[in-house]
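When the count follows our numbering, it moves up by one through the sequence shown with no breaks and lands on 131 for the last residue. We treat Cβ as the ideally placed atom computed from N, Cα and C, and that holds for glycine. Working notes, structure below.
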Amino acid sequence: MRNAMSNHPPRVTRPPDEAGISFLGVIFWLVILVFAIAFIIKVMPSYYDYWSLRNIVSAQARQSSPQDSVSQIRYDLNSRLSVAMIHIPQKDIRIEKSGHGPPMITVSYDRIVPLAGNISLLLHFETVGH
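See the structure below:
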């Protein structure tokens with residue numbers, strides 16, 4: 002008579018297959034998500050201002066006539082920026098007239114966005130309208 006145990010391989014018990022994400026995995030991804038949302042909330046206003054500024058500068062350059070003085074163009078541009086509640090220092094706005102064509106308006110400025118504690122993000126923006 003043959004040994005019944007020899008015909009069958011030894012039975013190995015294994016844990017059931019695990020599916021899904023662990024509690025620590027959920028916490029990890031929630032922390033990443035919170036940081037990403039906080040980052041976007043802090044940075045988006047600067048980009049929104051830049052997109053608005055780009056449209057304002059382009060419109061001002063198109064609507065200015067070659068006869069307008071640089072001070073008149075600057076005054077009109079500042080009026081538009083004031084209505085849009087965009088604050089750009091005057092030293093960051095450069096207006097160049099080119100004879101017969103529309104003026105070239107260049108705005109180059111930096112924004113410092115505080116992230117957390119002593120960590121800040123420096124954003125540099127530049128737009129040219131002609």
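Candidates the options, of which the one nearest residue i by Cα
i       : options                          : result
Phe-40  : Ser-65, Arg-63, Glu-127, Leu-122 : Leu-122
Phe-126 : Ser-47, Gly-102, Met-86          : Ser-47
Trp-52  : Ile-33, Gln-91, Ala-85           : Ala-85
Gly-100 : Asp-69, Ile-113, Ile-120, Phe-29 : Asp-69
Ile-120 : Lys-43, Gly-102, Val-27, Asn-56  : Lys-43
Continuous beta strand (DSSP E) stretch holding residue i: start and end
i       : result
Gly-130 : 120 to 130
Arg-12  : Note, Arg-12: premise wrong, no beta strand (DSSP E); not H, not E.
Asp-111 : 105 to 117
Ile-94  : 94 to 97
Proximal residues to residue i (C-beta, below 8 Å), its chain only, five neighbours per side dropped
i      : result
His-88 : Leu-82
Val-58 : Leu-78, Ile-106, Val-108, Thr-128, Val-129, Gly-130
Exposure of residue i, with buried meaning 16 or more beta-carbon neighbours within 10 Å
i      : result
Leu-54 : buried
Asp-93 : exposed
Gln-61 : buried
Asp-50 : buried
Ile-74 : buried
Ser-23 : exposed
Ser-66 : exposed
Sequence-distant residues of the same chain with beta carbon closer than 6 Å to residue i, five excluded per side
i      : result
Glu-97 : Met-105
Contact set for residue i: own chain, Cβ-Cβ below 7 Å, skip 5 residues either direction
i      : result
Val-71 : Ile-96, Lys-98
(request) Kindly provide the ranges of any beta strand (DSSP E) runs that are 3 or more residues long and lie completely inside the segment 50 to 84, ordered along the chain. (result) none
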